[in-house]
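So for the sequence shown, the working numbering puts the first residue at 19; every next one is plus one.
In what follows, a single structure is set out as structure tokens and then discussed.
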Amino acid sequence: MTAQFFAPVASPQHPRSTFADRHIGPAPGDQARMLAAIGYSGVEALIDDAVPAGIRTSRPLDLPPALSETAALDRLRELAARNTVLTSMIGLGYHGTITPGVVMRNVLENPGWYTAYTPYQPEISQGRLEALLNFQTVVSDLTGLPVANASMLDEATAAAEAMALAHRVSRRTEPGAFLIDADALPQTIEVVRTRAVPLGIEVVTADLSGGLPDGDFFGVLLQYPGASGAVRDLEPVIGQAHERGAKAVVAADLLALTLLRPPGESGADIAVGSAQRFGVPYGFGGPHAGYMAVGEGIQRQLPGRLVGVSVDADGSVAHRLALQTREQHIRREKATSNICTAQVLLAVMASMYAVYHGPEGLAAIGQRAHRRAAEIAAGLRAGGVEIVHDAFFDTVLARVPGRAAQVAGAARERGVNLRQADADHVGIACDETTLPEHVTAVLAAFGVPEAGAAEAAEALPDGLRRESPYLTHPVFHAHRSETAMLRYLRRLQDKDIALDRSMIPLGSCTMKLNATAEMEPITWPQFADVHPFAPVDQAAGYVELIGELEDALAEITGYAKVSVQPNAGSQGELAGLLAIRGYHASRGEEHRDVCLIPSSAHGTNAASAVMAGMRVVVVKCDEGGNVALDDLRARIDKHGDRLAAIMVTYPSTHGVFEETITDVCAAVHDAGGQVYVDGANLNALVGLARPGEFGSDVSHLNLHKTFCIPHGGGGPGVGPIGVREHLAPFLPNHPLRAEAGPETGVGPISAAPWGSAGILPISWAYIAMMGPDGLRAATEGAIVGANYLAARLGPHYPILYTGRNGLVAHECIADLRKITKETGITAEDVAKRLIDYGFHAPTLSFPVAGTLMIEPTESEDLAELDRFCDAMIEIRREIRRVADGGHDREDNPLKNAPHTAAALVSDDWKHPYSREEAAYPLPALREHKYWPPVRRIDQAYGDRNLLCSCPPPEAFED
């Protein structure tokens, strides 16, 4: 019996013995069938015909051989063991927190949440949209401001966006000056400076404890509580700012706001900050959800994404992304921000932390952190140590003339990291994790006995205590037991389509496998619990991992140096353009400010160029979707002496390998400009071509696309930049970490020195487990998959652009414009009908209106690709029935899609087609059916009736 049980079983399938075999969906036999459908007998012949010889690299990837999953995890454990996890009481915007186990396991570690995409298709995103609405409600309630967005990249980025917003609403034509309190977080001050320089905005820092200095400012940034821990009444300074016509921005600690008067009640116009301490680990700096909340009259200019409440076709309450702020990047050079992403997964975690604890629980956590700080202050005072501020929340600043380094060293010996503010001052920040033994260790480090700590008095000023209620909505009171919380999370998850349910064929988004082995290390304490400003010798494993990852990315792209600091593709774009700007300035060519951007470029490019202080000049594309060389040369002739750069996406957003890319690069270089190749589509190049070899000077990469960091429902992302040698001196750096970048750098782009370091093990693991051969095979698989879809769908939907030999790159565009003209069925109708077939739609109407851009990635197997093609072909048959009169032009399965279960069982079914046609257009759907929770959502209604926090329960009544 035993022998039979363990006997090998013959299988016609290819044995998937390596990680690459399991990452790449089609088995060799399936890939052969796909190639045959395209008209090729082998993958190499297809690649030779699809990829221009002029960009092909002459050398294979010089990377270590692939590791097995077990070996890769063992190596990551070695690196993790080189990190030393102490109790960090450093503060500076990062605090210890306890992630509830039910949130850790069922959100952060759950592919139903972390593999979802940005909720641009709201009907299949109701779960995460509700979670984000909860997040917005948390932020709005705690800050006392009526509208909050669905998260920002980090606190410093949020502050920089607030500066831009304050300038925008001031309606000033000149750049002007922005005033920052000297007690703001140092990384925030420097990120704001980095963003202000190219816009010509002067940043002034001053001690605002005594009021505003003389000067004309369009905005003022205050920290509440201050970086030093000080709690001050902000109302007088805000009043002075308003008297001068300036907007008041308050960077506020959400946990402190459970006890302190909210900024909105003090007159703040904008509040920003981080939700990190709401259950999201340090992660050596990220990712964490920043936030922004605004007062009335500003909400329609709010950057980032905003979730709002609307109704569906049946009048039921439904959620969706509100206003056009969510599509700022599509506005190109007219954009007011290049933020096209958020930190959705982390915002969901923070919102669920609030749901889990409720207002009473949050207040108790805040009170406990304050009590520990008060105990430390009392103990130090009793021991003769001067406490600088009488009023504080969770952070104490002690004056120890000439002894700060000694005290900090003594604390480290006791397992505690303190902040050495300067030679004479030490900061001690308490949090949810601070225990009595930590208080004892801190006092001992100062040479003070513990006696006296028990008599601690509260240090919150009576006039600043919070009196207003918050989190009164039932959602923050209904799920207190773990059973209830577990089921709430499952209920939300079941409303959505993520990669755990079906393929997500979004063009230019690369929704590929996020393997479990890649994800596993990010929750290990040795990676998750390292403070970004802990002594660097405590992060030796992180530093080594980051160095190895940067070197691998440089080898893959052909660049000399890579920086992983940018925590989104948009920030990578900005960092790359600032490097170009710095390079020109170093050569005495500050006048070079024109950025050429082809109409085929990625959507954020123009917005990033504007933020980098450049003037955007659009270059036309020809009928084949390629950069029109004649128009390019004309633009260069016109702007040559002012040409700073060109930004091109390669392969283009039209889904083709442009034959003339090397000519484009040469023409720009000849005119003295630099070439920025957007790395959004790098999944079609890895192992085949290197941007740094075929003419590019700088690229940002999307680790959340090509290198398997999950999209998280709309974040996190990582957008590192690679540069050639001459641009390396202008990479980002950081005021608190000399190791994070060159001394000559452009300044910090992100709050943390290495950006979202906590998720970099994912990309490290992907590269290590794929190895050089697997990485190339993945690229080939992506190209094969896209061309297979184009071959199967081409007879039914025209493929808009192709390269030579009629081939596409890693994505293709199905053109529905003629169909729409003939039948009235739009690309949006097809997108919504795909929901009834169980699919997330391809990218809708971008980069060309009336089209669907489809990217299968290498991770989808042939069965799933065929299932998608079968759905699209069946939808085309439904469209033909509309055309020939078999379906009514207005009342048909496409115009009414998607169909909910409630609609199908209603007694009021009056449609001329059957319920079966609506729900089960293909037989396979009877075995596995996704039911959308809402019907098609009325976008205009939601924008006219803007509601961006949790609606009252009565709104859900019939």
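All C-beta atoms in this analysis are idealised placements derived from N, C-alpha and C, irrespective of residue type, glycine included.
Note that the structure is a prediction, hence the values are computed from the model and not measured.
For residue i, three-class secondary structure by DSSP
i	result
methionine 367	helix
proline 753	coil
phenylalanine 235	coil
phenylalanine 974	Low per-residue confidence applies at phenylalanine 974: pLDDT is 38, beneath 50, and the placement is therefore not dependable enough to give any value.
leucine 811	helix
tyrosine 959	helix
arginine 74	strand
aspartate 998	Residue 998 is absent from the structure shown; the chain starts at 19 and stops at 976.
proline 30	Caution is warranted here: a pLDDT of 49 is assigned to proline 30, below 50, making its placement in the model unreliable, and no coordinate value can be reported.
alanine 38	helix
glutamine 556	helix
aspartate 199	strand
serine 246	coil
arginine 186	helix
Own chain partners of residue i with C-beta closer than 7 Å, once the 5 adjacent residues on each side are dropped
i	result
glutamate 873	Pro523, Leu524, Gly525, Ser526, Cys527, Thr528, Ala804, His828 and Glu829
alanine 557	Asn101, Phe302 and Val548
threonine 191	none
alanine 689	Ile654, Gly658 and Leu661
leucine 504	Val120 and Asn124
alanine 800	Asn701, Ala702, His828, Thr875 and Glu876
Start-to-end residues for the alpha helix (DSSP H) that takes in residue i
i	result
alanine 627	622-629
valine 460	454-463
aspartate 67	61-68
threonine 501	500-512
cysteine 683	679-688
arginine 146	144-161
histidine 337	Premise fails: histidine 337 lies in the beta strand (DSSP E), 335-339, not in any alpha helix (DSSP H).
threonine 206	204-214
Beta-carbon gap between residue i and residue j smaller than 8 Å
i	j	result
valine 741	alanine 578	yes
aspartate 201	leucine 239	no
glutamate 208	proline 750	no
valine 736	leucine 706	no
isoleucine 56	valine 187	no
alanine 919	arginine 953	no
valine 434	valine 418	no
phenylalanine 10	glycine 72	This structure does not reach residue 10, given that the chain is present from 19 up to 976, and the question cannot be answered.
glycine 282	alanine 176	no
alanine 796	isoleucine 42	yes
6 Å Cβ shell around residue i - same chain, five flanking residues per side excluded
i	result
valine 686	Ile664 and Val693
tyrosine 931	Pro911
arginine 344	Any answer about arginine 344 is weak, because its pLDDT of 40 lies below 50 and its placement is not dependable; what the coordinates show is given next. Closer than 6 Å at Cβ, skipping near neighbours: Arg323.
alanine 266	Val238, Ile256, Ala259, Ala286 and Asp287
tyrosine 488	Asp159, Leu160 and Pro377
aspartate 956	Ser328 and Val329
phenylalanine 725	Ser781 and Tyr784
glutamate 882	Met521
alanine 552	Ser106 and Asn435
valine 1061	With the chain covering only 19 through 976, there is no way to say anything about residue 1061.
Buried/exposed call for residue i, threshold 16 Cβ in 10 Å
i	result
glycine 16	Not covered by the structure: residue 16. The range shown for the chain is 19 to 976.
serine 59	exposed
threonine 667	buried
threonine 136	buried
aspartate 172	buried
tryptophan 131	buried
asparagine 823	exposed
Run of the beta strand (DSSP E) containing residue i, from where it starts to where it stops
i	result
alanine 416	413-417
isoleucine 288	288-292
proline 616	612-616
threonine 105	105-107
isoleucine 739	739-741
tyrosine 601	Unbroken run through tyrosine 601 is the alpha helix (DSSP H), 587-604; no beta strand (DSSP E).
serine 581	579-581
arginine 437	434-438
Other residues of its chain near residue i: CB distance less than 8 Å, five sequence neighbours each side excluded
i	result
glutamate 562	Leu97 and Arg100
Any non-hydrogen atom of the ligand GDP within 7 Å of residue i CB
i	result
glutamate 431	Among the ligands in the structure shown, none appear at all, so the ligand GDP cannot be discussed.
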